[in-house]
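Asker:
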Amino acid sequence: MAASRPTFLVFIRRNAIGVGCGALCLVLAVLSYFRFVAQQDAESKLDDRSSEAERIIENVKNSAQLREQVAKMKASVATIEGRLVHASDLATNLQYFYKVEADTKTTLNDLRQDPLLPLPKGKKAPEVPYTPISYSLTVQGDFPHLLAFLGELENGPHYCVIRSATFSPKSPLSEDAPAGGPRTHDLTLALKLDLLGLRQ
């Protein structure tokens, strides 16, 4: 060990330039590696900051119209909620159908608000702000008046979905259709429909 140290020192003295160049190359290689790693980290941070800056710029651009958009959304929600029916307000709900009956000169023979379907249970059950409120009804009238009745429901103040509609001829032996006389109500329309509403 003691003999090898003087030999090593002699080697360095004889090859001082080569050893110096080798040591310098090693130092430069280590510095280059650390610089490369630091550059990669800096580029990654730059990409993150650039993405965040673009998102902030986009938010600033959109925020100029944010108040208008919020006002429009509130107006739309108010319009929707103004057209909803309330399941608990049975008298008002049925009165709507009686008004359509009077406006279209038809006769309501049967009108029922069906029980509400139970809400889904469990942790994954979706929150449902609105619910369909189902009705079953039977209307009598001639064909044009019954079509007018359907049109009033579809284009009326409430959101209406007709699930089934069945036309059938009215019996000629009814009170308003005496034998040999003109029949005022030619058809019976059985309807099942939903109005969009709230459970309260």
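Residue numbering for the sequence shown follows our numbering, starting at 2 and increasing by one per position.
Beta carbons: idealized from backbone N, C-alpha and C, even for Gly.
Return yes when the Cβ of T167 is within less than 9 Å of the Cβ of N110, no when it is not.
Answerer: Contact flag unset, no.
Asker: Should F150 go down as buried or exposed, given a rule of 16 or more other Cβ atoms within 10 Å for buried?
Answerer: Buried, by the Cβ-count rule.
Asker: Which of the three DSSP states is assigned to T189 in this structure?
Answerer: Note: T189 maps to strand in three-state DSSP.
Asker: Please classify Q141: is it buried, with 16 or more other beta-carbons within 10 angstroms of its beta-carbon, or exposed?
Answerer: With 16 or more Cβ atoms within 10 Å of its Cβ, Q141 is classed as buried.
Asker: In this structure, does DSSP put D195 in helix, strand or coil?
Answerer: In this structure, D195 counts as strand in the three-state DSSP scheme.
Asker: Could you tell me whether the segment 128-135 touches the segment 97-112, using the rule of 3 or more Cβ pairs below 8 Å?
Answerer: Not touching, per the Cβ criterion.
Asker: Just to check my reading of the structure: L197 and L85 have Cβ atoms closer than 8 Å, yes? What is that Cβ distance to the nearest angstrom?
Answerer: About 6 Å; that satisfies the 8 Å criterion.
Asker: For E69, count the other beta carbons within 10 Å of its own beta carbon; 16 or more makes it buried, fewer makes it exposed. Which is it?
Answerer: It is exposed - the Cβ of E69 has fewer than 16 other Cβ atoms within 10 Å.
Asker: Consult DSSP for S89 and reduce its assignment to one of helix, strand or coil.
Answerer: Note: S89 maps to coil in three-state DSSP.
Asker: Assign Q96 to one of three DSSP states: helix, strand, or coil.
Answerer: Q96: helix per DSSP, three-state reduction.
Asker: So, R200 versus A88, is the Cβ gap smaller than 9 Å?
Answerer: Yes, the pair counts as a contact, with Cβ atoms nearer than the cut-off.
Asker: When the Cα atoms are used, what is the spatial distance from F37 to A30?
Answerer: Those two C-alpha atoms are separated by around 10 Å.
Asker: By the three-class DSSP mapping on this structure, what secondary structure does G23 have?
Answerer: In the structure shown, G23 sits in a helix (DSSP, three-state: H, G or I).
Asker: Are V78 and L154 closer than 9 Å when you measure CB to CB?
Answerer: Result no, Cβ atoms of V78 and L154 do not sit closer than 9 Å.
Asker: Helix, strand or coil, according to DSSP, for Q166 in the structure here?
Answerer: What sits at residue 166 in the sequence shown is Ala, not Gln. Strand.
Asker: With DSSP as the reference, label L32 as helix, strand or coil.
Answerer: Residue state, collapsed to three classes: helix.
Asker: So, helix, strand or coil for P145, using DSSP?
Answerer: If DSSP states are grouped into helix, strand and coil, P145 belongs with the helices.
Asker: Could you please give the first and the last residue of the uninterrupted beta strand (DSSP E) stretch that includes R113?
Answerer: Note, R113: beta strand (DSSP E), T108 to Q114.
Asker: Heavy atom of the ligand GTP less than 8 Å from the Cβ of T8, yes or no?
Answerer: No copy of the ligand GTP occurs in the structure displayed, which carries no ligand at all.
Asker: Name the one or two DSSP bridge partners that P133 has.
Answerer: Partner(s): L197.
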